[in-house]
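Q: Provided herewith is a single structure, encoded as structure tokens, for subsequent inquiry.
2 protein chains.
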Amino acid sequence: MLQQVGAFDPVSKEEIAGRIEGLKTMMAAQGIDFAVIMQNVDMFYFTGTIQKGLLVIAVDREPLLFIEKSLTRARLDTPLDIIPIDRDRDIRKTLEEKGILRGTGGMELDVLPVRVYERLKSILGHESFVDVSPLIKELRMVKSSYELMQLKKSGAIVSRVFKRAAEVIREGVSEIEIDALLVAEGRMRGHQGFLRMRGFNQEMMNICVFSGRTGGMPSYADVPIAGVGVTPAIAQGSSFFTVEQGVPVIVDYGGGYNGYITDESRLFVAGALKDIFRKPYEIAKEIVEDVAGFGRVGINATELFLRVYQRVKKAGLKEHFMGHGEGQVSFIGHGLGLEINELPVITARHSRILEEGMVFAFEPKFVFPDVGAIGIEVDFIVRKNRLERVTDSPIDIVSV
Amino acid sequence: MLQQVGAFDPVSKEEIAGRIEGLKTMMAAQGIDFAVIMQNVDMFYFTGTIQKGLLVIAVDREPLLFIEKSLTRARLDTPLDIIPIDRDRDIRKTLEEKGILRGTGGMELDVLPVRVYERLKSILGHESFVDVSPLIKELRMVKSSYELMQLKKSGAIVSRVFKRAAEVIREGVSEIEIDALLVAEGRMRGHQGFLRMRGFNQEMMNICVFSGRTGGMPSYADVPIAGVGVTPAIAQGSSFFTVEQGVPVIVDYGGGYNGYITDESRLFVAGALKDIFRKPYEIAKEIVEDVAGFGRVGINATELFLRVYQRVKKAGLKEHFMGHGEGQVSFIGHGLGLEINELPVITARHSRILEEGMVFAFEPKFVFPDVGAIGIEVDFIVRKNRLERVTDSPIDIVSV
Chain B
1 MLQQVGAFDP VSKEEIAGRI EGLKTMMAAQ GIDFAVIMQN VDMFYFTGTI
51 QKGLLVIAVD REPLLFIEKS LTRARLDTPL DIIPIDRDRD IRKTLEEKGI
101 LRGTGGMELD VLPVRVYERL KSILGHESFV DVSPLIKELR MVKSSYELMQ
151 LKKSGAIVSR VFKRAAEVIR EGVSEIEIDA LLVAEGRMRG HQGFLRMRGF
201 NQEMMNICVF SGRTGGMPSY ADVPIAGVGV TPAIAQGSSF FTVEQGVPVI
251 VDYGGGYNGY ITDESRLFVA GALKDIFRKP YEIAKEIVED VAGFGRVGIN
301 ATELFLRVYQ RVKKAGLKEH FMGHGEGQVS FIGHGLGLEI NELPVITARH
351 SRILEEGMVF AFEPKFVFPD VGAIGIEVDF IVRKNRLERV TDSPIDIVSV
Chain F
1 MLQQVGAFDP VSKEEIAGRI EGLKTMMAAQ GIDFAVIMQN VDMFYFTGTI
51 QKGLLVIAVD REPLLFIEKS LTRARLDTPL DIIPIDRDRD IRKTLEEKGI
101 LRGTGGMELD VLPVRVYERL KSILGHESFV DVSPLIKELR MVKSSYELMQ
151 LKKSGAIVSR VFKRAAEVIR EGVSEIEIDA LLVAEGRMRG HQGFLRMRGF
201 NQEMMNICVF SGRTGGMPSY ADVPIAGVGV TPAIAQGSSF FTVEQGVPVI
251 VDYGGGYNGY ITDESRLFVA GALKDIFRKP YEIAKEIVED VAGFGRVGIN
301 ATELFLRVYQ RVKKAGLKEH FMGHGEGQVS FIGHGLGLEI NELPVITARH
351 SRILEEGMVF AFEPKFVFPD VGAIGIEVDF IVRKNRLERV TDSPIDIVSV
């Protein structure tokens with residue numbers, strides 16, 4: 001049935017094998033003897049399926065993929081051999097027989113809830129575990145050519161949505177109406193339905209539309225602009241506020257194709273852009289174009305951040321950069337892939353030499369409280385001599 | 001700015017105080033001296049805001065709400081006093097001064113990741129914690145009249161979406177196209193944007209449209225019908241399959257208003273319903289109507305399940321009930337509120353006497369692999385002498 005759909009590119013056996021070998025190498029270097037992987041995104045990365053089960057990777061063995069439910073679906077999804085189990089505790093016997101439960105184990109301690117972890121330790125009769133997530137994040141940071149293809153298909157949905165945005169954004173239309181129509185546009189083009197953000201309490205919308213003052217509301221979320229939303233229970237995203245003459249509308253949209261997330265923002269304006277937004281718009285555009293040429297393999301992410309920050313300071317826009325007041329965040333870019341908060345982070349704080357195949361969203365944005373916000377976001381792939389755009393969507397502000 | 005939106009009913013100081021008193025009473029009975037609450041949904045329930053911070057409830061004190069970010073937003077959202085902090089570790093001093101860090105603490109160990117938990121213990125210099133989530137779930141199980149009002153507003157979005165469904169479902173239209181148009185319809189009516197499901201790896205769509213065979217694909221998800229989706233990375237929800245003559249289309253949609261989730265399913269068919277689906281449709285309808293009269297305060301959820309199960313067995317539909325083969329699940333209903341998997345669970349396994357104000361989705365569904373699926377889902381409020389429907393949307397299959 002899945003084959004008939006033809007809506008995604010299945011991952012190859014070789015691709016999966018390469019990823020698992022990559023993790024084994026990192027584990028060996030860190031003295032981790034085996035890892036038990038359960039989070040759905042990591043499972044998908046290492047197996048091609050998110051069906052209920054556990055993946056055990058020992059440094060000196062073939063991977064063991066235990067599946068509880070659904071076996072039918074897992075067999076369609078993964079090129080790996082499957083060991084069927086009735087319940088999670090069935091894995092202990094197999095692991096003992098294979099002599100795997102020795103030394104230091106790894107689990108995804110950044111996302112695994114305490115009760116799940118305690119249960120696993122008791123099932124395995126093994127107490128010594130460290131956090132294997134930093135290694136998985138490091139591995140997932142550099143994308144294969146297969147992954148870059150998925151990201152480009154995800155980006156194609158984004159480009160289509162921005163085209164449609166120019167048709168639906170008009171003075172007087174509400175953020176939430178624009179939101180609804182654009183999410184529908186993306187979904188009809190094959191958007192996977194939702195996006196993923198790693199970590200406790202991390203949630204996100206597929207789209208946020210900011211029509212003006214709503215872009216200036218600070219938020220719990222670690223983003224420069226989060227919006228007001230329609231309820232304090234969500235407290236982010238589009239609201240019932242409407243598009244006004246001369247105030248830029250930011251459409252921040254996340255594509256999702258076969259698990260892979262893209263994240264770009266474009267600008268639209270009804271009438272002539274108000275004066276206060278003109279300079280920051282030009283600076284944002286200049287920064288995106290400058291960084292596309294400056295960024296490349298071997299550049300440190302901190303250099304990239306500081307180059308941008310110098311330009312922003314020189315323009316006298318420091319106070320408005322990446323939020324305002326308590327809403328200000330300390331990064332200008334974030335890695336992307338199966339989750340929206342991957343490595344690398346482009347900030348002054350984390351030294352990170354850019355490598356071929358890293359992918360990140362780059363988002364110079366400026367916030368003017370009680371007035372509005374303006375900015376651009378594009379996704380870049382790190383190449384030898386430049387940064388390559390993931391989408392081909394133009395970045396200029398669109399008059400509507 | 002939020003006041004201008006007027007899109008939700010703020011929670012009152014008295015409502016919040018009642019909830020906190022409720023938890024204190026349960027904590028005292030269990031010997032828990034204080035609780036540290038961090039999960040966004042529980043924070044919202046006890047404070048009215050999900051801004052970044054921690055809520056500390058000690059059995060013999062006023063609640064302490066520490067907020068890191070955003071103070072501006074938190075002050076708009078919550079009727080509680082706020083203690084501003086720069087970072088989480090700032091709370092220790094206040095808690096020590098007030099003599100709170102004594103005895104047994106409680107944390108949400110079903111959702112709190114290991115690393116967050118370890119960090120909190122180290123910050124507090126306190127080691128003795130038990131899981132306070134079972135108490136919170138028990139408390140949240142019975143809804144106040146304010147909460148029932150929110151649920152009914154959430155249900156009004158659902159009713160509107162089902163009306164629109166009759167206009168967009170036609171032979172040859174794909175599941176994903178129907179999905180896109182109906183999600184947009186709900187969002188324009190004020191849907192909050194996404195739904196929440198408690199627990200590790202728990203994810204869900206706002207809508208699932210099943211056009212036939214896709215309803216028979218088993219899944220990792222603990223639901224009778226999950227669909228195929230458009231990628232193994234999500235592996236649930238609508239697909240590119242299209243509506244066929246005589247095969248029922250199930251639209252399973254979750255409303256979301258001010259945090260409160262509703263979850264109902266309706267049936268649509270192009271042409272005459274195929275014979276195989278006629279009897280299960282009649283049985284599903286009969287079961288919903290029967291249970292609405294039979295269910296009430298004082299009935300055990302297990303009685304309710306067994307009554308339904310007897311009817312299904314008598315009809316010879318046991319094998320198809322609530323999934324098929326490995327896809328079969330053991331419940332026929334689940335609690336609803338701020339999360340979609342609340343208490344009570346309507347199953348043979350968990351004894352639970354129904355109380356006034358409990359709310360649950362009730363979903364007799366039948367799956368015929370390789371052919372299709374059929375069923376109805378409605379949300380009920382438990383009342384003294386009956387079950388009250390949350391929405392007024394008719395349950396009959398609609399010809400399109």
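The listed protein sequences derive, respectively, from chains B and F.
Mapped onto this note's numbering, the consecutive letters of the first sequence carry residue numbers 1 to 400.
Mapped onto this note's numbering, the consecutive letters of the second sequence carry residue numbers 1 to 400.
For glycine and all other residues, C-beta sits at the position ideal for the given N, C-alpha and C.
When the Cα of F/ALA29 is compared with those of F/GLY335, F/PHE44, F/THR104 and F/THR49, which residue comes out closest?
A: For F/ALA29, the nearest C-alpha among the options comes from F/THR104.
Q: At a CB distance below 8 Å, what residues from the region 220–234 of chain F approach chain B? Give them in sequence order.
A: Those residues of the region 220–234 of chain F that come within reach of chain B (Cβ to Cβ, closer than 8 Å) are TYR220, VAL228, GLY229, VAL230, THR231, PRO232, ALA233 and ILE234.
Q: May I ask which residues mark the beginning and end of the alpha helix (DSSP H) holding F/PRO134?
A: It spans 133–141 - the alpha helix (DSSP H) in which F/PRO134 sits, taken as one unbroken run.
Q: Taking only beta-carbon atoms, is F/GLY372 less than 9 Å away from chain B?
A: No - not a single Cβ of chain B is within 9 Å of the one on F/GLY372.
Q: Beta-carbon of F/VAL116 versus every beta-carbon of chain B: anything under 9 Å?
A: So, interface residue.
Q: Assign B/GLN192 to buried or exposed, taking buried as 16 or more other Cβ atoms, counted over all protein chains shown, within 10 Å of its Cβ.
A: Label assigned to B/GLN192: buried.
Q: B/ILE207 and B/VAL243 - do their beta-carbons sit closer together than 9 Å?
A: Contact: no.
Q: Could you give the DSSP three-state label for F/SER239: helix, strand or coil?
A: In this structure, F/SER239 counts as coil in the three-state DSSP scheme.
Q: In the DSSP assignment, find the alpha helix (DSSP H) that holds F/THR214 and state where it starts and stops.
A: Careful: F/THR214 lies outside any alpha helix (DSSP H) and carries neither H nor E.
Q: Measuring only between beta-carbons, confirm whether F/TYR253 sits less than 9 Å from chain B.
A: With 9 Å as the cut-off, F/TYR253 does not count as an interface residue toward chain B.
Q: Below 9 Å between beta carbons: does that hold for B/VAL41 and B/GLU339?
A: Yes, they are a contact pair.
Q: What is the residue span of the alpha helix (DSSP H) that B/LYS285 lies within?
A: Its alpha helix (DSSP H) spans residues 275–294.
Q: Which bits of chain F does B/ASN40 rub up against, with CB to CB less than 7 Å?
A: ASN201, listed in chain order.
Q: Within the chosen definition, does the region 148–165 of chain B reach the region 217–226 of chain B through at least 3 CB pairs nearer than 8 Å?
A: The region 148–165 of chain B is not in contact with the region 217–226 of chain B.
Q: Relative to the C-alpha of F/ASP86, which candidate in F/LYS313, F/PHE66 and F/TYR45 has its C-alpha closest?
A: Nearest of F/LYS313, F/PHE66 and F/TYR45 to F/ASP86, Cα basis: F/PHE66.
Q: With a cut-off of 9 Å, does the C-beta of F/PHE8 fall near any C-beta of chain B?
A: Yes, F/PHE8 counts as interfacial toward chain B.
Q: Could you give the DSSP three-state label for F/VAL41: helix, strand or coil?
A: DSSP places F/VAL41 in helix when its eight states are reduced to three.
Q: Tell me the rounded alpha-carbon separation between F/THR25 and F/ARG102.
A: So the alpha carbons of these two residues sit roughly 18 Å apart.
Q: Cutting at 6 Å between CB atoms, please list the residues of its own chain near F/SER133, excluding the five before and the five after it.
A: GLU108 and ASP110, listed in sequence order.
Q: Can you give me the C-alpha to C-alpha distance between F/SER211 and F/MET204, rounded to a whole angstrom?
A: Taking the straight line from one Cα to the other gives about 19 Å.
Q: In chain F, which residues lie less than 9 Å from B/PHE210 when you measure between Cβ atoms?
A: Near B/PHE210 there are no residues of chain F at all, since even the closest Cβ is about 12 Å away, more than 9 Å.
Q: At a CB distance below 9 Å, what residues from the region 30–63 of chain F approach chain B? Give them in sequence order.
A: Residues MET38, GLN39, ASN40, VAL41, MET43, PHE44, GLY48, THR49, ILE50, GLN51, LYS52 and GLY53.
Q: Let me know the secondary structure DSSP gives F/ILE402 once reduced to three states.
A: Outside the modelled stretch of chain F, which goes from 1 to 400, sits residue 402 of chain F, for which no answer is possible.
Q: Which residue marks the beginning of the beta strand (DSSP E) containing F/SER351, and which one marks its end?
A: Counting along the chain, F/SER351 falls outside any beta strand (DSSP E), and DSSP gives it neither H nor E.
Q: Taking C-alpha atoms, which residue in F/GLY271, F/PHE366 and F/ASN341 lies nearest to F/VAL308?
A: Among F/GLY271, F/PHE366 and F/ASN341, the Cα nearest to that of F/VAL308 belongs to F/PHE366.
Q: F/GLU185 by DSSP, collapsed to three states: which one?
A: Three-state DSSP puts F/GLU185 in a helix.
Q: Quick one: Cα of B/VAL312 to Cα of B/ASP290, how far?
A: Going from the Cα of B/VAL312 to the Cα of B/ASP290 covers about 13 Å.
Q: Can you check whether the CB of B/GLY271 is closer than 9 Å to the CB of B/THR262?
A: Going by C-beta atoms, B/THR262 is not nearer than 9 Å to B/GLY271.
Q: If you follow the beta strand (DSSP E) that B/LYS384 is in, where does it begin and where does it stop?
A: No beta strand (DSSP E) holds B/LYS384; DSSP gives it neither H nor E.
Q: Which runs of the beta strand (DSSP E) at least 3 residues long sit entirely within the region 67–124 of chain B? Give them in chain order.
A: DSSP runs (the beta strand (DSSP E)) wholly in the region 67–124 of chain B: 105–107.
Q: Please report the residue range of the beta strand (DSSP E) in which B/SER265 lies.
A: Note, B/SER265: beta strand (DSSP E), 260–269.
Q: Let's see if you can read the secondary structure: which residues bound the alpha helix (DSSP H) around F/LEU151?
A: From DSSP, the alpha helix (DSSP H) with F/LEU151 extends over 145–168.
Q: I'd like to know if the region 290–299 of chain F and the region 350–365 of chain F are in contact, where contact means that at least 3 CB-CB pairs between them fall below 8 Å.
A: Segments in contact, yes.
Q: Would you call B/ILE397 buried or exposed, if buried means 16 or more other Cβ atoms sit within 10 Å of its Cβ?
A: Buried, since its Cβ has 16 or more Cβ neighbours within 10 Å.
Q: Shorter than 9 Å from the beta carbon of F/TYR281 to some beta carbon of chain B?
A: F/TYR281 does not count as touching chain B.
Q: On the three-state DSSP scale, how would you describe B/ILE57?
A: Three-state DSSP puts B/ILE57 in a strand.
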